[in-house]
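Be aware that the sequence shown starts at 18, since it is given in my numbering, and climbs by one per residue.
The block underneath contains the structure these notes are about, expressed in structure tokens.
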Amino acid sequence: MNYKETREQVDMILERVKALDNAKKIQLRRAYNISFDELRGFQQITIKNILKDTPWCYAGYMRDFIVDMCGIYVQQECKEGDPFEYYLHEIYDEGSAAVQQKIGYLVDEDEKAILIRYIKRYIKMCKKGTKIDTAKLMTDILCWPYYNTRNEWIDVIAGVKKIDKKKEKK
């Protein structure tokens, strides 16, 4: 699946989340940071309905990541924000040497894989009220080994790629 197809699938998932009633949105919020296998039956059914007809319906840790992102999307009142790598750049600039080193290890160089537990850690470090672009983040992570996503993130975090004007005014 290429980047464009993945983004279409992610957008479809988020549209399904947006269409949920408030009770099911609360279920998603509560599912954040909990493994799918540990969720209650009614929460699992809601998630399977959201992920039906997607390649991630039964995809283990990726399914858990998507559920977490859907929970964040609900916490953001189903609105998108700025790309996550911009917030990583801010955390990197404001952080101590230890934080900078940890962000440097965010990417596992040997396997060219992203460490999802680190993504969750840095989402928690974002300032209150921060809205991230969950659709872009999900697509980037699901397509991580392909399409130069890793290099784009590194350029933004290192300050090589300039942040867009909307972000600079804040």
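No residue lacks a Cβ here, since even glycine has one placed at the ideal position from N, Cα and C.
query = Whole-angstrom Cβ separation of ALA68 and ILE120, contact assumed at under 8 Å?
reply = At residue 68 the sequence reads Leu, which differs from the Ala that was named. Incorrect: roughly 30 Å between the Cβ atoms, too far for contact.
request  = Out of PHE53, ALA48, SER52 and THR63, point me to the one whose CA is closest to ARG33's CA.
outcome  = The residue with the shortest Cα to Cα distance from ARG33 is THR63.
inquiry  = Considering just the uninterrupted stretch of the alpha helix (DSSP H) at GLU25, what are its terminal residues?
reply    = 20-36
ask   = Among the residues of its own chain, which have a CB less than 8 Å from the CB of SER52, if the five just before and after it don't count?
value = Only residues of its own chain outside the window of five on either side were considered, and among them ASP81 have a CB closer than 8 Å to the CB of SER52, listed in chain order.
ask   = Quick one: Cα of GLU185 to Cα of ARG47, how far?
value = With a pLDDT of 45 at GLU185, under the threshold of 50, the modelled position of this residue cannot be trusted; read the value that follows with caution. Rounded to whole angstroms, GLU185 to ARG47 spans 34 Å at the Cα level.
key: Range covered by the alpha helix (DSSP H) that runs through LYS137   = 133-142
task = Return the residue from the list ASN168, LEU159, ARG167 and ALA175 that minimises the CA-CA distance to MET79.
result = LEU159
inquiry  = For GLY88, which residues in the same chain have their Cβ closer than 6 Å to its Cβ, ignoring the five residues on either side in sequence?
reply    = LEU45, ARG46, ALA48 and TYR49
ask   = According to DSSP, is ILE149 helix, strand or coil?
value = strand
Buried versus exposed, by CB contacts within 10 Å (16 or more), TYR109 = buried
ask   = For the putative contact between HIS103 and THR151, defined by C-beta atoms under 8 Å, what is the C-beta separation to the nearest angstrom?
value = Correcting the residue identity first, residue 103 is Tyr in this sequence and not His. 14 Å between Cβ atoms; not a contact.
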